[in-house]
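Visitor: Protein sequence lines correspond, in order, to chains F and H.
The numbers in this note's numbering rise by one with no breaks, and the one at position 153 of the first sequence is 153.
Just add 1000 to wherever you are in the second sequence, counting from 1, and you've got this note's numbering.
Have a look at this one.
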Amino acid sequence: MLFIMVANLSSFAQIKGDEDMARDERGKYIYYEVVNGTSAAADNLRARALEFLKLKKVSNVKSANEQITASGKFLISKTAFVLTHPSGEVLYNFYFEIKGDKYRFWLTDFSFIPYKRDRYANFVPATTKSLPLETEPGKLNAGEWKSYISVTNKQATAFAADFKEFLSSARKSKVQPKAKPAISTKSW
Amino acid sequence: MKLKSFFTISAISMSAATYAQESTSSTSSPLQISGSADTYYKYDFAKKQNIGTSFANDQNSVSLGMIDLALKKTTGKASFVGELSFGPRGQAGSIPNGDGDELNADNSFHIQNLYASYAFTDKLSMTAGYMGTFVGYEVIAPTGNFNYSTSYLFTSGPFQNAGIKANYVFSPKVAVMVGLFNDWNVYKDENGVSHFGAQLTVSPAEGWTAYLNVLTGKSAGAPGTGSIFDLTTAYQVTEKVKIGLNAADYTISDDNGGYSGAALYLQNAFTTSFSLGLRGEYFKSKSDTNGLTLAGVTPGESVVAITVSGNVKAGGLTFIPEVRFDNASSPQFLKNNLDPTKSASQFSLAAVYAF
């Protein structure tokens, strides 16, 4: 039965190359995936999705009209050799819907907020207004902007993988670890 | 190494971006290393070193700003920050030599920030050490300012406040800081920890943040108690337009001078690569019996400074072309023939790299 369940579970994700993200009908970047053949009940899936979003600390979670929506952000860090620090954050909107034995979810409306160092040498948002990821950056910043899109794609892919795994994993009770017996040095 | 090769290598190494897990809870983070480097050219049209605000003071010379390195590490609820700086801007221009001990009189400790923090809860944290000042709009690091030259308010105010402070976040819109501090700009306080400081942070609307600051105390050797009241606020009107305001009043008791002033900042980002900014400032040195001459402004006199700066960004590199016009109420500047004059103007071009 488990084999049949796994065999029937297929997903189609619109994922392109490492640096390319798909766009929707609005021309906005999107990570979109449909998962077929799920055997879990719709209520169960919805509850698990909400629990996942709570664990991920995603904000503005709303559940209405068969759709769950939420808002979140990915932190972008620049790492080169031993240097690493936050360089910005990418905001996104999350959508989740269930239909019959399949569900779909997508992340879209990506927008970027650059970080800068403040007077205490901490990295903070340089602005409160985010820039849509679809913005043309111009030649001078094209390379850096392309890397932001690439990293966003990777983070969205990782988010999706975590989400699907969470929804598909059966609930297991926490196994209490056995206490190790104390070693007696008195008798041997 | 040639400058072009340096920047090429830096650009290649910095172009690799990796993601980090988003987390709002206290966890260990890898050691963060960041910094900046800057250089500039300035030309005063009277061919004199006229405008006396901080940094960018060399006339008709390709000169150094500073190289600055900051380390930050968080483990659980504790974190530390250490920031070192080297160069004219990062040493004599912004931090004291030594700790007042004669043996260290020619020693720069190179320290801009050195402090530890502990987050007791999500709302309450405490920080102690040597920190950049919480007062004012502009900062020492060139990456933190839109304009390359600085305002009279910045030059006349505190640069660092060593001490211990507590921060409490009531809500995303309101936070408070209170603390006890050393005298301004010293590594060691000669007359004991004698300053009280506080900051109220409010965010009345999305994109708008205001800081109300107060710092008061009697510095070692000072003729009176000095108190500074400062308003620093910025409003991101749209994704392109930003407005900033800094207003401050500093008074030393018993008619020992002080200053007051205000600076308005207007910035427009025409593209992601190019922005233009205008700074208009009015600054006055108080006309007390024992008034102070601050950045060339004598007691009872004032100056109006208009600065127009561009920011051309290419990755981590920012070019800042700038023109500035200062007009004083008294002839505090010099013409080329050494005659006193009330006005001065200068052009500068700076290159600032943030990594």
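Think of the CB as a built atom: it goes at the ideal place given N, C-alpha and C, for glycine as much as any other residue.
Since we're looking at a predicted model, the values are computed, not measured.
1) Indicate whether at least one CB of chain H lies closer than 8 Å to the CB of threonine 108 of chain F.
2) Between the stretch 1099 to 1108 of chain H and the stretch 1150 to 1159 of chain H, can you find at least three pairs of beta-carbon atoms closer than 8 Å?
3) With contact counted as at least three CB pairs below 8 Å, one residue from each stretch, are the stretch 127 to 146 of chain F and the stretch 47 to 54 of chain F in contact?
4) For threonine 1155 of chain H, report the span of its beta strand (DSSP E) as first-last.
5) Got a sec: which bits of the stretch 112 to 126 of chain F sit with their beta carbon under 9 Å from any beta carbon on chain H, in order along the chain?
6) For the stretch 112 to 123 of chain F against the stretch 29 to 38 of chain F, do three or more pairs of beta-carbon atoms, one drawn from each stretch, fall closer than 8 Å, so that the two count as touching?
7) Given that lysine 129 of chain F touches chain H, what residues does it touch there, using C-beta distances under 7 Å?
8) Examine chain F for any beta-carbon lying closer than 8 Å to the beta-carbon of proline 1030 of chain H, and answer yes or no.
9) Helix, strand or coil for serine 1026 of chain H? Go by DSSP, reduced to three states.
10) Residues of chain H with CB closer than 8 Å to the CB of leucine 55 of chain F, please, in chain order.
11) Run through the DSSP bridge pairs and tell me what methionine 1126 of chain H is partnered with.
12) Taking 8 Å as the limit between beta carbons, can you name the residues of its chain near asparagine 1145 of chain H, skipping five residues before and five after?
13) Would glycine 1144 of chain H count as contacting chain F if we go by Cβ distances under 8 Å?
14) Can you look up arginine 1324 of chain H in the DSSP assignment and give me helix, strand or coil?
15) Is the CB of glycine 1273 of chain H under 8 Å away from at least one CB in chain F?
16) What are the start and end residues of the beta strand (DSSP E) that includes lysine 54 of chain F?
17) Could you name the residues of chain H that leucine 140 of chain F contacts, counting a contact when the two beta carbons are closer than 7 Å?
18) Going by beta-carbon coordinates alone, are leucine 1231 of chain H and leucine 1245 of chain H separated by less than 8 Å?
19) Look at the alpha carbon of glutamate 66 of chain F and the alpha carbon of tryptophan 106 of chain F, and state the distance between them as a whole number of angstroms.
20) Return the first residue and the last residue of the beta strand (DSSP E) that threonine 1307 of chain H is part of.
21) Within 10 angstroms of the Cβ of isoleucine 183 of chain F, are there 16 or more other Cβ atoms? Answer buried if so, exposed if not.
22) By the three-class DSSP mapping on this structure, what secondary structure does valine 35 of chain F have?
23) Kindly list the residues whose CB is nearer than 6 Å to the CB of phenylalanine 1347 of chain H, restricted to its own chain and excluding five residues on each side of it in sequence; keep chain order.
24) Which residue spans inside the stretch 51 to 117 of chain F form an unbroken beta strand (DSSP E) run of at least 3?
25) Do you know how far the Cα of phenylalanine 159 of chain F is from the Cα of glutamine 1021 of chain H?
26) Using CA coordinates, which residue listed in H:Asn1060, H:Leu1276, H:Lys1123 is at the minimum distance from methionine 1177 of chain H?
27) Could you tell me the distance, in whole angstroms, from the CA atom of phenylalanine 189 of chain F to the CA atom of valine 90 of chain F?
28) Does the Cβ of tryptophan 188 of chain F have 16 or more other Cβ atoms within 10 Å, making it buried, or fewer, making it exposed?
29) Specify the secondary structure class of proline 1142 of chain H as computed by DSSP and reduced to three states.
30) Counting only beta-carbon separations shorter than 8 Å, does methionine 1126 of chain H have a partner in chain F?
31) Which residues, in order along the stretch 1103 to 1129 of chain H, keep a beta-carbon less than 7 Å from a beta-carbon of chain F?
32) Expressed to the nearest angstrom, what Euclidean distance is found between the alpha-carbon atoms of leucine 1276 of chain H and alanine 1269 of chain H?
33) Going along chain H, which residues have a C-beta under 7 Å from threonine 157 of chain F?
34) For the beta strand (DSSP E) that contains asparagine 1246 of chain H, what are its first and last residues?
35) Apply the 10 Å Cβ neighbour rule to aspartate 1339 of chain H and answer buried if 16 or more other Cβ atoms are within range, or exposed otherwise.
36) Please state the DSSP three-state secondary structure of aspartate 162 of chain F.
Guide: If we stick to the structure as given:
1) Your numbering for residue 108 of chain F matches position 108 in the first sequence. Cβ-Cβ to chain H under 8 Å: no for threonine 108 of chain F.
2) no
3) no
4) One-based indexing of the second sequence puts residue 1155 of chain H at position 155. Per DSSP, threonine 1155 of chain H belongs to no beta strand (DSSP E); it is in the alpha helix (DSSP H), 1152 to 1156.
5) Lys116, Arg117, Asp118, Arg119, Tyr120, Ala121, Asn122, Phe123
6) no
7) Start at 1 with the first residue of the first sequence, and residue 129 of chain F comes out as number 129. The contacting residues are Gly1207, Gln1236, Thr1238, Glu1239.
8) Along the second sequence, read from residue 1 onward, the residue named residue 1030 of chain H stands at position 30. Yes, contact with chain F.
9) Translated into positions along the second sequence, residue 1026 of chain H becomes position 26. Low local confidence applies: a pLDDT of 49 at serine 1026 of chain H is under 50, so the model's placement there is unreliable, with the coordinate-based value given in what follows. Three-state result, serine 1026 of chain H: coil.
10) Start at 1 with the first residue of the first sequence, and residue 55 of chain F comes out as number 55. Those do not exist, as leucine 55 of chain F stays about 11 Å from chain H at its closest Cβ, beyond 8 Å.
11) The count along the second sequence starts at 1 and reaches residue 1126 of chain H at position 126. BP columns for methionine 1126 of chain H point to H:Tyr1118, H:Ala1166.
12) Here residue 1145 of chain H refers to the residue found at position 145 of the second sequence. Correct list, in chain order: Glu1138, Val1139.
13) Counting from one through the second sequence, the residue named residue 1144 of chain H turns up at place 144. Answer yes: the Cβ-Cβ gap between glycine 1144 of chain H and chain F drops below 8 Å somewhere.
14) Here the question's residue 1324 of chain H lines up with position 324 in the second sequence. Reduced to three states, the DSSP call for arginine 1324 of chain H is strand.
15) Taking the second sequence and counting its residues from 1, the one referred to as residue 1273 of chain H is at position 273. It is serine, not glycine, that sits at residue 1273 of chain H in the sequence shown. Output row for serine 1273 of chain H: interface = yes.
16) To locate residue 54 of chain F, count along the first sequence from 1; it is residue 54. No beta strand (DSSP E) contains lysine 54 of chain F, which is instead part of the alpha helix (DSSP H) from 42 to 55.
17) Translated into positions along the first sequence, residue 140 of chain F becomes position 140. What leucine 140 of chain F touches in chain H: Ser1273, Lys1313, Ala1314.
18) Indexing the second sequence from 1 puts residue 1231 of chain H at position 231. Indexing the second sequence from 1 puts residue 1245 of chain H at position 245. Contact flag set, yes.
19) Counting from 1 along the first sequence, the entry for residue 66 of chain F is found at position 66. Counting from 1 along the first sequence, the entry for residue 106 of chain F is found at position 106. Spanning the two alpha carbons is a distance of roughly 15 Å.
20) The sequence position of residue 1307 of chain H within the second sequence is 307, counting from 1. Counting along the chain, the beta strand (DSSP E) containing threonine 1307 of chain H begins and ends at 1302 to 1314.
21) Residue numbering aside, residue 183 of chain F sits at position 183 when the first sequence is read from its first letter. Answer is exposed; the Cβ neighbour count stays below 16.
22) The sequence position of residue 35 of chain F within the first sequence is 35, counting from 1. In this structure, valine 35 of chain F counts as strand in the three-state DSSP scheme.
23) Translated into the one-based positions of the second sequence, residue 1347 of chain H becomes position 347. Answer for phenylalanine 1347 of chain H: Tyr1043, Val1323, listed in chain order.
24) 59 to 64, 67 to 80, 83 to 99, 102 to 117
25) Along the second sequence, read from residue 1 onward, the residue named residue 1021 of chain H stands at position 21. Along the first sequence, read from residue 1 onward, the residue named residue 159 of chain F stands at position 159. In this prediction, glutamine 1021 of chain H scores a pLDDT of 37, lower than 50, which makes its location untrustworthy; the coordinate-derived value is nonetheless stated afterwards. In a straight line, the C-alpha of glutamine 1021 of chain H is about 10 Å away from that of phenylalanine 159 of chain F.
26) For the purposes of this step, residue 1177 of chain H is taken as the residue at position 177 of the second sequence. Ranking H:Asn1060, H:Leu1276, H:Lys1123 by Cα distance to methionine 1177 of chain H puts H:Lys1123 first.
27) What the structure shows of chain F is the stretch from 1 to 188, and residue 189 of chain F is not part of that stretch, so it cannot be assessed.
28) Position 188 of the first sequence holds residue 188 of chain F. With fewer than 16 Cβ atoms within 10 Å of its Cβ, tryptophan 188 of chain F is classed as exposed.
29) Taking the second sequence and counting its residues from 1, the one referred to as residue 1142 of chain H is at position 142. Looking at proline 1142 of chain H - three-state DSSP - the assignment turns out to be helix.
30) Working through the second sequence from its first residue, we reach residue 1126 of chain H at position 126. It does not: the Cβ of methionine 1126 of chain H has no partner Cβ on chain F nearer than 8 Å.
31) Asn1113
32) One-based indexing of the second sequence puts residue 1276 of chain H at position 276. One-based indexing of the second sequence puts residue 1269 of chain H at position 269. Leucine 1276 of chain H and alanine 1269 of chain H: Cα-Cα distance of roughly 7 Å.
33) Position 157 of the first sequence holds residue 157 of chain F. Result: empty, since nearest Cβ-Cβ is about 10 Å, beyond 7 Å.
34) As a working mapping, residue 1246 of chain H is identified with position 246 in the second sequence. Its beta strand (DSSP E) spans residues 1241 to 1252.
35) Locating residue 1339 of chain H in the second sequence gives position 339, where the first residue counts as 1. It counts as exposed.
36) Residue numbering aside, residue 162 of chain F sits at position 162 when the first sequence is read from its first letter. In the structure shown, aspartate 162 of chain F sits in a helix (DSSP, three-state: H, G or I).
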